[in-house]
Amino acid sequence: MTLLEMVCVLAILALLAGILLPRLAMSTSRSRLEAHAVEIVALLKADRSAAIERGGVVAAAIDAPDRTIRSGSGPWTVRVPEDVVFNALLPQRCNGRPALSTISFLASGMSCGGTLSLTRGGSGFEVRINWLTGDIDIVAQNGP
Numbered sequence: 001m002t003l004l005e006m007v008c009v010l011a012i013l014a015l016l017a018g019i020l021l022p023r024l025a026m027s028t029s030r031s032r033l034e035a036h037a038v039e040i041v042a043l044l045k046a047d048r049s050a051a052i053e054r055g056g057v058v059a060a061a062i063d064a065p066d067r068t069i070r071s072g073s074g075p076w077t078v079r080v081p082e083d084v085v086f087n088a089l090l091p092q093r094c095n096g097r098p099a100l101s102t103i104s105f106l107a108s109g110m111s112c113g114g115t116l117s118l119t120r121g122g123s124g125f126e127v128r129i130n131w132l133t134g135d136i137d138i139v140a141q142n143g144p
């Protein structure tokens with residue numbers, strides 16, 4: 001092989017790497033998906049603590065089409081990436097009133113419950129809010 005051939009091969013490999021690497025970096029990895037779930041749990045736990053501390057209802061707003069979760073107790077917002085499937089199973093009524101796409105925490109620490117699902121590539125995580133205890137858990141979901 002000549003030096004010229006070797007340089008051409010390296011140039012082609014560099015060109016391919018330049019095209020493919022940005023596409024790989026844009027996709028959400030499983031660990032990053034878990035990090036989003038942890039961020040959501042932290043936001044919801046802050047709202048639950050605020051409800052207990054204030055002695056009143058605090059509601060986090062869930063906007064599934066816009067892919068955002070906004071805290072009811074502070075300026076925090078979690079945005080779910082576009083390549084992640086985001087679903088929310090929320091109650092229609094909470095404490096005798098319409099829930100209006102929220103997860104509400106009561107002064108007692110209880111909640112009206114709900115489940116937020118983050119999936120990508122057949123696996124993902126569910127953030128489950130227990131209506132009775134107000135506990136918030138992350139459950140891994142493995143695809144086929």
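Residue 28 in our numbering sits at position 28 of the sequence shown; the count goes up by one each step and never skips. Beta carbons: idealized from backbone N, C-alpha and C, even for Gly. Computed from a predicted structure; not experimentally measured.
- Along the length of the segment 10 to 43, whole alpha helix (DSSP H) runs at least 4 residues long do not occur.
- The count of Cβ pairs closer than 8 angstroms, one atom from the segment 42 to 58 and one from the segment 125 to 137, reaches three, so the stretches are in contact.
- Take L118, set aside five residues on each side of it, and the residues of its chain with a beta-carbon closer than 7 angstroms to its own are L33, H36, A37, V80, V84, F86, G124, F125, in chain order.
- Scanning the segment 67 to 93 for uninterrupted beta strand (DSSP E) segments of 3 residues or longer gives 68 to 70, 77 to 79, 85 to 89, listed from N- to C-terminal end.
- Counting along the chain, V58 sits inside the beta strand (DSSP E) bounded by residues 58 to 63.
- With a cutoff of 7 angstroms on beta-carbon distance, T102 and A59 are scored as near each other.
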